[in-house]
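K.L.:
Here the protein sequences line up with chains B and R, keeping their order. Reminder that position 942 of the first sequence reads as 1139 in this note's numbering, one-by-one numbering, no gaps. Reminder that position 208 of the second sequence reads as 531 in this note's numbering, one-by-one numbering, no gaps. The beta carbon of each residue, even a glycine, is placed where N, CA and C say it ideally should be. Keep in mind it's a predicted model, so treat the numbers as computed, not measured.
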Amino acid sequence: MRATVDGNEATAAVAHRCSEVCCIFPITPSSPMAELADEWSSKGRTNLWGTVPAVVEMQSEAGAAGALHGALQGGALATTFTASQGLLLMIPNMYKIAGELTSAVIHVAARSLAAQALSIFGDHSDVMAVRQTGFALLCAASVQEAHDLALVAHAATLQTRVPFLHFFDGFRTSHELQTIEMLEDEDVRALISDELVLAHRARGLSPERPFIRGTAQNPDIYFQARETVNPFYARVPEAVQGAMDALGERTGRHYQLVEYSGHPEAERVVVVMGSGAETARTTVAFLQARGERVGVAQVRLYRPFPARELAAALPQSVRRVAVLDRTKEPGSHGEPLFLDVLAALNEAHGAGEREAMPMVIGGRYGLSSKEFTPGMVAGVFEELARERPKPRFTVGINDDVSHLSLPYDASLDIEPEETVRAVFFGLGSDGTVGANKNTIKILGDAANLHAQGYFVYDSKKSGSQTVSHLRFGPTSVCAPYLVSTASFVGCHQFALIERSEVLDRAAQGATLLLNCSEEPDQVWDALSRPVQEKILAKDIKLYAIDAGRIAREAGLGRRTNTVLQTCFFAISGVLERDRAIEAIKASIKKTYGKRGAEVVERNIEAVDRSLAALHQIDVPDQVSSRREAPELVPADAPEFVRTVTAAMMAGHGDQLPVSALPVDGTYPSGTTKYEKRRISDFVAVWDSELCIQCGNCSFVCPHSVIRSRYYGPDRLEGAPDDFRSAPLEGAGLPDARFTLQVYVEDCTGCGLCVEACPVTAANEPGRKAINLGDLQPVLASERENIAFFEQLPSNDRTRVDFGTVRGTQFLDPLFEFSGACAGCGETPYLKLLSQLFGDRLTVANATGCSSIYGGNQPTTPWTVNADGHGPAWSNSLFEDNAEFGLGLRLAADRHTELARRRLQELRDDVGAELVDDILSAPQVRESELRAQRERVAALASRLDELDGPAVEDLRSVLDHLIRRSVWIVGGDGWAYDIGSGGLDHVLASGKNINVLVMDTEVYSNTGGQMSKATPLGAVAKFAAAGKTVPTKDLALQAIAYADVYVARVAFGADPQQTLRAVREAEAYEGPSLIIAYSHCVAHGYDMREGLSQQYAAVASGHWPLIRYDPVVRAAGENPFLLDSSRPRMSLANYRKGELRFRALAAAEPTEAERLVGLAQQVVEQRWRVYEDMATRGAGEFPSNPRRPS
Amino acid sequence: MDLSTNYMGLALRNPLVASPSPLSYTLDGIKRLADGGVGAIVMFSLFEEQLRAEAARTIRLVEETAESFPEALDYFPDVVEEDGSPRNYLDLLERAVAAVDVPVIASLNGVTPEGWTDNARAMQDAGAAAIELNIYYLPGDPEVSGREVEQRHVDVLEHVRSAVSVPVAVKLGPYFSSPGEVALRLDEGGADALVLFNRFLQPDIDHEQLRVLPSVNLSSPADARLARTWIALLRGRTRASLAATSGVEVYADLARYLLAGADVVMTTSALLRHGPGYAAELLDGLTVWMARKGFQSVDEVRGMLSVPADADEAAYERAGYVTAMRAANAGAYDAW
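(1) CA-CA distance, B:R1260 and B:A350?
(2) Below 9 Å on C-beta distance, what does R:L415 contact in chain B?
(3) Could you tell me the boundaries of the alpha helix (DSSP H) in which B:V1002 lies?
(4) Could you please tell me which residues of the segment 1333-1344 of chain B, in chain order, have their CB closer than 7 Å to any CB of chain R?
(5) Should R:Q373 be flagged as near chain B, meaning a C-beta pair shorter than 9 Å?
(6) What are the start and end residues of each continuous beta strand (DSSP E) run of 3 or more residues lying completely inside the segment 431-508 of chain R, in chain order?
(7) To which residues of the same chain is B:G593 closer than 7 Å at the C-beta, ignoring the five residues directly before and after it?
(8) Mind pulling the beta strand (DSSP E) runs of 3 or more residues that sit fully within the segment 565-596 of chain R?
(9) Quick check on R:I528: does DSSP put it in helix, strand or coil?
(10) Quick one: is B:S1048 near chain R, going by C-beta distance under 9 Å?
(11) Can you pull the chain B residues whose beta carbon is under 7 Å from the beta carbon of R:F392, in chain order?
(12) Counting beta carbon pairs with one atom in the segment 1091-1109 of chain B and one in the segment 1149-1169 of chain B, are three or more of them shorter than 8 Å?
(13) Beta-carbon of B:I294 versus every beta-carbon of chain R: anything under 9 Å?
(14) Against chain B, does R:R410 count as a neighbour if the rule is that its beta carbon must be under 9 Å from one of theirs?
(15) What's the C-alpha gap between B:A810 and B:C713?
(16) In angstroms with no decimal places, state the Cα-to-Cα distance between B:C688 and B:P717.
(17) Taking only the alpha-carbon atoms, compute the straight-line gap between R:V427 and B:Y740 and give it to the nearest angstrom.
(18) Three Cβ pairs or more, each shorter than 8 Å: is that satisfied between the segment 960-978 of chain B and the segment 854-872 of chain B?
(19) Is the segment 1098-1110 of chain B close to the segment 1142-1150 of chain B, with three or more CB pairs under 8 Å?
(20) Does the distance from the CB of B:L1302 to the CB of B:R1365 come in under 9 Å?
(21) Measuring only between beta-carbons, confirm whether R:G332 sits less than 9 Å from chain B.
(22) Taking 8 Å as the threshold, find out whether the segment 1232-1251 of chain B comes into contact with the segment 1261-1275 of chain B through three or more Cβ pairs.
(23) Name the chain R residues that come within less than 9 Å of B:I317, Cβ to Cβ?
(24) Using 9 Å as the threshold, is the C-beta distance between B:C336 and B:G471 below it?
(25) Determine the extent of the alpha helix (DSSP H) in which B:D642 is found, giving its start and end residues.
(26) Which chain R residues sit within Cβ distance under 7 Å of B:T757?
(27) Hey, which unbroken runs of the beta strand (DSSP E) at 3 residues or more fall wholly within the segment 474-546 of chain B?
(28) In three-state DSSP terms, what is B:G1108?
(29) State the Cα-Cα distance for the pair B:Q1054 and B:L853, rounded to the nearest angstrom.
(30) Quick one: residues in its chain with C-beta nearer than 7 Å to the C-beta of B:E188, no 5 flanking neighbours on either side, listed in chain order?
(31) What is the C-beta distance between R:G512 and R:I554, in whole angstroms, given that I count them as a contact (C-beta under 8 Å)?
(32) From B:G272 to B:S216, what does the alpha carbon distance come to, in whole angstroms?
(33) Could you tell me which residues DSSP puts in a beta bridge with B:D932?
(34) Find the residues of chain B that neighbour R:Y398, judging by a C-beta separation of less than 7 Å, and give them in chain order.
(35) Relative to chain B, which residues along the segment 437-450 of chain R have a C-beta separation below 9 Å, given in chain order?
(36) Can you find a C-beta in chain B that's less than 9 Å from the C-beta of R:A575?
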């Protein structure tokens, strides 16, 4: 059966049928395999033996591996899906599973490892890190191979008892849509022997036939016992080949352990694994046709390494071999595959099996999904042909530091004429990718064409751009690299046409479909000069449609996907027009039919309207526009930003040479301010007359685009005409002026500010003191206003009331313009930290949403104040963040102690008064901190006059004399699940650390998987039928330690309480934990409703606001404060506003009612516990056991 | 005392029926209504338009966040589908039918022909004893003629009638030029019961906050007079059962409706105000009154004060009307 699926689905489709237990944990890019398995199981789909596989989400990959090990030892057929760091966490269990000769398969979407930076993209760094565990490693190079080799792995592990790791390239294969032949159940059954399944089961633990496995061994036997497994490994290559042959017999698809293709008497050969092999094979065919004696050996079985098969696969004529590794092993003599091939050939030569020992060179390619193209393959062959090829090299980058990179012809195009190639540029929110996936299915399924689709997303969560690369042809598409010359280019957002990539990817004579709101006769004039030039130079046929208008008229809002998809079919000619339209309509009915007639009708209407509104634009024979492409970054930006950051922003990061990049992953702070994204047509607009200057809008703004300053009236001199200013509301500064400035180019139009505004115009219902208005009319004037606003001095922090929401708006945010979702419920907390403590803040950030919008290139939001001070931020891993933060604290404590000791030692030299002042100064209030900074500055000057080792020592730790604020931040996936043990330990350390858990009650970054914070009755991935366990009460756990400051807050419900808690936590000289409710797109409502949903969460008792303050206990009072009032809304009422709850009510009403009833009970019971705690005497709480510092 | 009543072919233990209200949102609420003693329960109305809007909203929420970030190509499991089918309603209906021993009548408000028929059929399949068509239709378009509005009612009825075999009631509003004629047309069109009258919920205006308030006003006994008049008039002239709704607060309101000729009397407001258990109090009051007046069964009471089918309706009606107006305006309009 033909189907159009991606590598993840292709793999899961086999794994689910061959397993009884799937133990999983979400990690990109493997998550969809686990999600599909879960979805199928929740729908009752069975495995080969009629059992619905159990899919169990664990707290981490380490947990998943442990559960996997247990399931296997219990005799079940078990599997897991993972990647990257997840695979690393499985290593200890992998040794165990292999050491015990246990049949198992781990499916891996291979991904980079976090080194100088995290990367979610594909290479073999992760799988290469487990090559020594005893697992067999089997590598698939395409979606079809991933499907087939998944089965080979399941078959071979049963036969050999050696566990298998089946892997394929992350994203390139895991996320590439391909038309493939699916294995029928009979095919799968034919390869999986029931006898071997029973044998596996019989090896499981049973009290009926007890044995002991997993003993401790001593020097006398461990070594020999380790050698017992050799015969099993020796049988693996043959068993794998046997399974491949059996598969080939049934399907006609034949595979070899090491597969050679190319010239039978090749002289130069490339050895490669994974999707790169497909590129190498097609390139070799191309070069061979040109008369070159070249070949390629694709390695499918990597462990146990098939040395004999490799040596046998290469023709005797081979004189030179380049081995390509998709990994980097710094400091090694060469990358793993290279060393293996070298050793294999050398042995074969030594044994007389090969006449000549070829020259073998090794190179790296394709790290982190770096493109690997035919031009690069040809470049490697050219290198092999040189007199003295580089023994070690890289290909695909420009290495101007070590000079290892090879030159290559980037324009080499070897694709067959009959392959239609198309690229589409859109935004995540406009549905472009969804439409293209649909197009592929139409063409792949209905039109009997072979289709391929690959989608590139940027790293922003709001306003993100997408590029879809599609190919269609009469035969299977073997081109695992981006489309570089497209005959059809769809530009689904007018603003994107200015990106040079759009027309760079167009072939000569290509068709360009442009979504443009201009009338047809105005379209040409709307283009900039460089765009017009390219259109003329490439002789491009230009079509335009106002897709936004058509979509709106059809009732589809901003979803232009159906309109533009229709246009693609109408003009691309891939299908006959009427047939194409019919197919689109059929597909709409199929896709939306189950979701109601309304949506079907609207989409069908959009199809019909589109054809009439599509126009071919007459392209004049010369350029008429004088408009240049807009500057990406301002001319006065720092050099690094202008040269490196701007290149990344422009989509030219691939061209940056090695020398342009920092050696250790260290980048300048505060670069988002140079990336003006203008992602929303609607932006916040301030009404200076209505505004009461309460600061609410600024407090809730997730993107820090609302700034306030007060200043003397004289400062208004030279202000732009449109600059708005109002008398400052407040006592003490009668003449002062107030301005609230919106950074309109950074505004995402989320509308939270409007919701937060308490003022309504008396004469205009619905109008607030801040409203959403059109960007375009105000863009130019607001740019001037912002420039003027920025030269107003920052407000004196010692004069700002830190204790009120109103006061905080005058504190500069040092976290700004992140790429978080529009209306994000997490970022306001981070912004608040940066406002309150930013100039002495150190942040340990767990991997997750906050590490992505907080630290993803090209631009990052943590920034500096006017003095150049600001948050110092780092991300270690997902699982270790609490420990990482504790380490930062320990370092700070040691260095503070050192500084104080050295200062004492230098007392006479520095001056007793200054030393005593510094050592005894309180540093809680801002004025105290300011005074201390001044003292430390004076000390620094004093030290300049001194020398000696103690002085040097003191100078190096001088900054530690300013009280440092260490914050450990992350989401609930970290705090409740993967990092739970570490967090617990760190909270119990007694150290002065502050933990901020931004609790979205679900794994947000990886797409909505259940965490232990997910509420009872909520639907999430891995809880498709509704979560059936209540949330863990992290607050009570921490309170049990008695010396931990604990607060549960929700800024949308009570910003003042949030502010109080954050300040108290920071001031507390011990561990603090703030659990912060964060609304999220994964909850399923318009983000603009985030604040009202937070309010309802608190009002219903779902999220009671509490504070537990050990300082209060020490003062003899009850430390437990209940800050929210008794629930005054039913849980059901709160929940009806959120899709995560509503979904269950729609799908399983009875179960939903049962769960909401139970959840209501939980809420009431917890409230009674809290109320009881809040009314106890202080003596009912343990006193803080720690000695005061 | 014999309170048993026949309502569009359904045998009820008494003539008091709980009309659509939030009390029937949950199985527990429906059980409490039944335990309170009512003779039948009309469940809250299923609004097709709302279902469609919610399905469209769900799609928007699911799709707008999808396919834009490489680590999270979507945020919800595939089972998150609101398909526009009233699974929730049907599930509750099915459980309600199984849980209570009085007839459960489903109430439907549609917008499209398929919406009316498909949902009615689904309600029947889920065990509804009958279906009440809540034709809540306010022609906002001043161009729409009165005849068109009437025809719409008849069309909806005929559509549903052709789709289901259980009894079908039509709940209609009073705003027709000739409500009696409309009632007769619906009777002819196959209605098994006419429910008089729907109260249109009219939004209020907050003059301080300058906004429109979607307010719900419970009915008061004064609201009963209009329905009572028309029931009195239609009694004996239709094949369809007559149900009175609006303005039941005390047992006397129940008695008055029965005297005017209602087969059953529906109430929401009283049960919302006093709780489902109040039904028993109303019925007790009725029983005591009947005993006091010497009635043995509600059948004896029913229609005693209706307009006899052979009377000169206009004269009968005008007589009562003019007398009432005179009394009301005594003093102020003496000359009139």
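P.N.:
To lay it out plainly:
(1) By 1-based counting over the first sequence, the position of residue 1260 of chain B is 1063. By 1-based counting over the first sequence, the position of residue 350 of chain B is 153. Between B:R1260 and B:A350, the alpha-carbon positions lie close to 55 Å from each other.
(2) Counting from one through the second sequence, the residue named residue 415 of chain R turns up at place 92. What R:L415 touches in chain B: P1346, T1347 and E1350.
(3) By one-based count along the first sequence, residue 1002 of chain B stands at place 805. Residues V1002 to T1005.
(4) Within the segment 1333-1344 of chain B, those residues whose Cβ lies closer than 7 Å to any Cβ of chain R are, in chain order, L1336, A1340, A1342, A1343 and A1344.
(5) If you number the second sequence from 1, residue 373 of chain R lands on position 50. Using a Cβ-Cβ cut-off of 9 Å, R:Q373 does not count as an interface residue toward chain B, since no Cβ of chain B sits closer than that to its own.
(6) As far as the segment 431-508 of chain R is concerned, its whole beta strand (DSSP E) runs of at least 3 residues are 453-457 and 491-495.
(7) Position 396 of the first sequence, counted from the start, is the residue given in the question as residue 593 of chain B. Around B:G593: Y562, G563, K567, E568, F569 and M573.
(8) Qualifying beta strand (DSSP E) stretches, in chain order: 587-590.
(9) The residue you call residue 528 of chain R lines up with position 205 of the second sequence. In the three-state reduction of the DSSP assignment, R:I528 falls in the strand class, which pools E and B.
(10) Here residue 1048 of chain B corresponds to residue number 851 of the first sequence, with the count starting at 1. No, no contact with chain R.
(11) As a first step, residue 392 of chain R is located in the second sequence; it is residue number 69 there, counting from the start. In chain order: G625, Y654, K658 and S661.
(12) Verdict: yes, contact present.
(13) On the first sequence, residue 294 of chain B is found 97 positions in, with the first residue counted as 1. At a cut-off of 9 Å between C-beta atoms, B:I294 does not count as an interface residue with respect to chain R.
(14) Here residue 410 of chain R corresponds to residue number 87 of the second sequence, with the count starting at 1. Chain B, which has a Cβ nearer than 9 Å to the Cβ of R:R410, makes this yes.
(15) By one-based count along the first sequence, residue 810 of chain B stands at place 613. By one-based count along the first sequence, residue 713 of chain B stands at place 516. One C-alpha to the other measures close to 11 Å.
(16) Numbered from 1 along the first sequence, position 491 holds the residue referred to as residue 688 of chain B. Numbered from 1 along the first sequence, position 520 holds the residue referred to as residue 717 of chain B. Those two C-alpha atoms are separated by around 16 Å.
(17) Counting from 1 along the second sequence, the entry for residue 427 of chain R is found at position 104. Counting from 1 along the first sequence, the entry for residue 740 of chain B is found at position 543. Distance from the CA atom of R:V427 to the CA atom of B:Y740, rounded to whole angstroms, is 59 Å.
(18) No contact exists between the segment 960-978 of chain B and the segment 854-872 of chain B.
(19) Judged by pairs of C-beta atoms under 8 Å, the segment 1098-1110 of chain B touches the segment 1142-1150 of chain B, as three or more such pairs exist.
(20) To locate residue 1302 of chain B, count along the first sequence from 1; it is residue 1105. To locate residue 1365 of chain B, count along the first sequence from 1; it is residue 1168. No, Cβ-Cβ distance for B:L1302 and B:R1365 is not below 9 Å.
(21) Your numbering for residue 332 of chain R matches position 9 in the second sequence. Not one beta carbon of chain B lies nearer than 9 Å to the beta carbon of R:G332.
(22) In short, these stretches touch, since the Cβ pair count reaches three.
(23) To locate residue 317 of chain B, count along the first sequence from 1; it is residue 120. Against chain R, a Cβ distance below 9 Å from B:I317 picks out P393 and E394.
(24) Residue 336 of chain B sits at position 139 when you count from the first residue of the first sequence. Residue 471 of chain B sits at position 274 when you count from the first residue of the first sequence. For B:C336 and B:G471, yes; Cβs fall inside 9 Å.
(25) By one-based count along the first sequence, residue 642 of chain B stands at place 445. No alpha helix (DSSP H) contains B:D642, which DSSP labels as neither H nor E.
(26) Here residue 757 of chain B is taken as the residue at index 560 of the first sequence, counted from 1. Correct list: empty, because the minimum Cβ distance to chain R is about 12 Å.
(27) Along the length of the segment 474-546 of chain B, whole beta strand (DSSP E) runs at least 3 residues long occupy 491-496, 498-500 and 517-522, reported in chain order.
(28) Stepping through the first sequence from its first residue, residue 1108 of chain B is reached at position 911. Correct three-state label for B:G1108: coil.
(29) As a first step, residue 1054 of chain B is located in the first sequence; it is residue number 857 there, counting from the start. As a first step, residue 853 of chain B is located in the first sequence; it is residue number 656 there, counting from the start. Taking the straight line joining both Cα atoms gives about 14 Å.
(30) Past the edges of chain B, shown from 198 to 1386, lies residue 188 of chain B, and the structure says nothing about it.
(31) Taking the second sequence and counting its residues from 1, the one referred to as residue 512 of chain R is at position 189. Taking the second sequence and counting its residues from 1, the one referred to as residue 554 of chain R is at position 231. Actually they do not touch by this definition, with Cβ atoms about 19 Å apart.
(32) To locate residue 272 of chain B, count along the first sequence from 1; it is residue 75. To locate residue 216 of chain B, count along the first sequence from 1; it is residue 19. About 11 Å.
(33) Counted from its first residue, the first sequence places residue 932 of chain B at position 735. According to DSSP, B:D932 bridges with nothing at all.
(34) Taking the first residue of the second sequence as 1, we reach residue 398 of chain R at position 75. Within 7 Å of the CB of R:Y398, the CB atoms of chain B belong to G1204, G1205, V1278 and A1279, in sequence order along the chain.
(35) Using a CB distance below 9 Å, the part of the segment 437-450 of chain R facing chain B consists of E437 and G438, ordered along the chain.
(36) One-based indexing of the second sequence puts residue 575 of chain R at position 252. No, because no Cβ of chain B sits closer than 9 Å to the Cβ of R:A575.
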